[in-house]
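To start, the structure under review is shown below, and the notes come after it.
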Amino acid sequence: MKYPGLVVLSLLVIGLIVLPVTRTIKIVMIAVALVLLVFVKRGSLYVALASRALTKEGDEEKALRLYRKAWKAGLQPKYNVMLGNLFSQRGDANVALEIFNSVIKRGERFKKRDELLVVNAKTSKSMALWILDRRDEAIELLQSIRDGGWIDKNIAVNLGSYLLEEKRLNEAKKLIKESSKLLDESPGMLDNRGYYLYLTGSYHEAQRLYDSLIIDRDPQFPEAYYHAALVKIALAKHRTAVILLQKALECTFYKTSTVTMEQIEALLEKQKPLVESDVGEHEFIEDVLGRTLYEEEVSDEDHDGEDDFDYDDYSGPNIELDIEDYHDDSDGVDSVEIENFSPLESHLFDEDYEGDDS
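Residue 5 is where the sequence shown starts when you use the working numbering, and the numbers rise one by one after that.
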């Protein structure tokens, strides 16, 4: 049922109309019913006010206060997951963790009905744990989800990023290979692959990957440009690295990002004096700045590091990208032939949820 509260209210009003009482009493009873309905649905009212504060007024602090009231007032669990993601990205990760734990606790009481929701909440919880510097817990949580037979791009991106940041390269390599067989690689997944190549010394292979990713996909998250810049620096292409770092600073930074604006600014300042020694990448620089057609250089072949990944299909992977969680709404949802597949919704109060009730 799409709007159960409205249906109940309608039935109540009809019942009051046919009751053999005076008109004044009927009006009072209807008013009381309306007040009760508003009280029951006050969580949704807080959400509406918070969304207005965030989008129309630009008052993020006020919005987060109202969103927290909405959670306390009571919302459907799927909406609470979205609120938790919002607090992870913009607000207090401790609040996010509290929200996710409540969703997981409730969902595990009805596991057959809410198993997908629990997986999504745990995936999101890993981000809150990471922000709170509980890194081992974040990795263990995602690995437990993966061991349970679940995989999607969010799990692949988050777990891969965390393993790479912790330099657990063998585990990262295994995850990258397994997930690429099951999913079309998103920009976040490709970034993990490229960063793995950089960390293992395969600089030219990493460069080819990042050149294709940046020119063809125009990623909207700072990590891709930051990692691409590290590759260029390793190849003494400092001018290009400076431009990539400047592009990274144009992206939106969230608390869930694995690189900070301060890190990028510090590296940028170190690179500026080295620009004169750049070996030069005129065509690539033009493409990054102007988004014109890029033809990959063929002279930079090497065997800097050992790896057995296949790079034949980087020119146009089918991707799904969102600024927050590396998904693109223009692409379809992947279908994966494993035990379970758990697409994690990336937009707050998406229209797809309007027809669902817990």
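From the three backbone atoms N, C-alpha and C, an ideal C-beta is built for every residue, glycine too.
Closest by C-alpha distance to residue 220, out of 243, 104, 231, 194, is 194. It is roughly 16 Å from the alpha-carbon of residue 277 to the alpha-carbon of residue 238.
Counting only runs that start and end inside the region 229-275, the alpha helix (DSSP H) elements of at least 4 residues fall at 242-253, 265-275. In this structure, residue 94 keeps its C-beta atom at 9 Å or more from the C-beta atom of residue 136. Counting along the chain, residue 161 sits inside the alpha helix (DSSP H) bounded by residues 157-169. Minimum Cα-Cα distance from residue 229 among the listed residues 209, 191, 206 corresponds to 191. Taking the CA atoms as reference points, residue 89 sits about 50 Å from residue 26. Taking the CA atoms as reference points, residue 248 sits about 6 Å from residue 233. Taking C-beta atoms as the reference points, residue 264 and residue 134 fail to come closer than 9 Å. For residue 140, the enclosing alpha helix (DSSP H) starts and ends at 139-151. Under the DSSP definition of a beta bridge, residue 134 lacks any partner. Its chain contains 262 as the residues whose beta carbon lies nearer than 7 Å to that of residue 169, once the 5 sequence neighbours on both sides are disregarded; these appear in chain order. Cβ atoms of residue 231 and residue 198 come within 8 Å of each other, at about 6 Å. Using a Cβ distance threshold of 9 Å, residue 131 and residue 100 count as a contacting pair. Looking from the CA of residue 138, the closest CA among 226, 91, 97, 184 belongs to 97. Residue 171 counts as exposed, since fewer than 16 other beta carbons sit within 10 angstroms of its beta carbon. Per DSSP, residue 221 lies in no alpha helix (DSSP H) segment and is marked neither H nor E.
The C-alpha of residue 56 is placed about 34 Å away from the C-alpha of residue 163. Our two residues, residue 59 and residue 174, have alpha carbons roughly 43 Å apart in a direct line.
Per DSSP, the unbroken alpha helix (DSSP H) holding residue 91 starts and ends at 81-94.
By the criterion of a C-beta distance shorter than 8 Å, residue 267 is surrounded in its chain by 230, once the five residues flanking it on both sides are discounted. Judged by beta-carbon spacing, residue 186 lies beyond the 9 Å limit of residue 218, meaning their Cβ atoms are not closer than that value. In the same chain as residue 122, and ignoring 5 residues on each side of it, the C-beta atoms closer than 8 Å to its own belong to 107, 108, 111, 112, 115, in chain order. A straight-line Cα-Cα distance of about 30 Å links residue 80 and residue 165. Listed in chain order, the non-local C-beta contacts of residue 201 below 6 Å within the same chain comprise 209, 210, local neighbours out to five positions each way being set aside. Between residue 92 and residue 128, the CB-CB gap stays under 9 Å. For residue 212, the uninterrupted alpha helix (DSSP H) segment begins and ends at 207-216. Rounded to the nearest angstrom, the gap between the Cα atoms of residue 124 and residue 279 is 45 Å. Counting only residues of its own chain and dropping the five nearest sequence neighbours on each side, residue 103 has a CB closer than 7 Å to the CB of 75, 84, 87, 88, 91. Closest option to residue 272, judged by alpha-carbon separation, among 251, 258, 152, 214: 251.
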